[in-house]
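**Student:**
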Amino acid sequence: MRFVWFFEFSPEYAAEISARNSKLDKEMEKQPKLYPRLHPSYMTGLCKGFRIIEADSDEQLIRLAMHFHPHETWEFTPIFEGQKVSEIWRKMTQ
């Protein structure tokens with residue numbers, strides 16, 4: 031399932047977050063099934079942004095969030111393909 035992962039952290043933790051990102055990259059190379067697939071990050075301001083992720087399980091989401099705990103706040107919002115939503119809605123309302 032796809033999600034938008036919104037994240038934010040205090041500038042004082044920028045170096046720590048950067049180090050954790052590097053560590054995450056290495057962990058994901060070794061054990062990719064433990065983490066969601068990550069698309070590029072986009073920054074929306076100082077120390078805040080989002081990225082699209084694709085997760086197969088809630089465990090993958092939890093691992094990702096806990097990797098940055100307690101220095102980063104986060105929110106995962108599910109996203110759906112519009113065409114698929116329309117298709118399901120039409121089937122349900124016929």
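Each residue of the sequence shown is one higher than the one before, starting from 31 at the first, in the working numbering.
By construction, the Cβ of each residue, glycine as well, lies at the ideal position given by its N, Cα and C atoms.
#1: From this set, His101, Cys77, Asp88 and Pro100, which residue's C-alpha is nearest Thr107's C-alpha?
#2: Could you check how far apart the C-beta atoms of Glu117 and Phe37 are, in whole angstroms? I think they sit under 8 angstroms.
#3: Look at the alpha carbon of Trp104 and the alpha carbon of Ala85, and state the distance between them as a whole number of angstroms.
#4: Can you name, in chain order, every residue of its own chain whose Cβ lies under 6 angstroms from the Cβ of Ile83, other than the five neighbours on each side?
#5: Report buried or exposed for Leu76, applying the criterion of at least 16 other Cβ atoms within 10 angstroms of its Cβ.
#6: What does the alpha-carbon distance come out to for the pair Leu94 and Gln61?
#7: Is the beta carbon of Leu64 less than 7 angstroms from the beta carbon of His97?
**Tutor:** On the basis of the supplied data:
#1: Asp88
#2: In fact, because the Cβ distance is near 32 angstroms, the residues do not count as touching under 8 angstroms.
#3: 15 angstroms
#4: Phe33, Trp35, Pro66 and Leu68
#5: exposed
#6: 13 angstroms
#7: no
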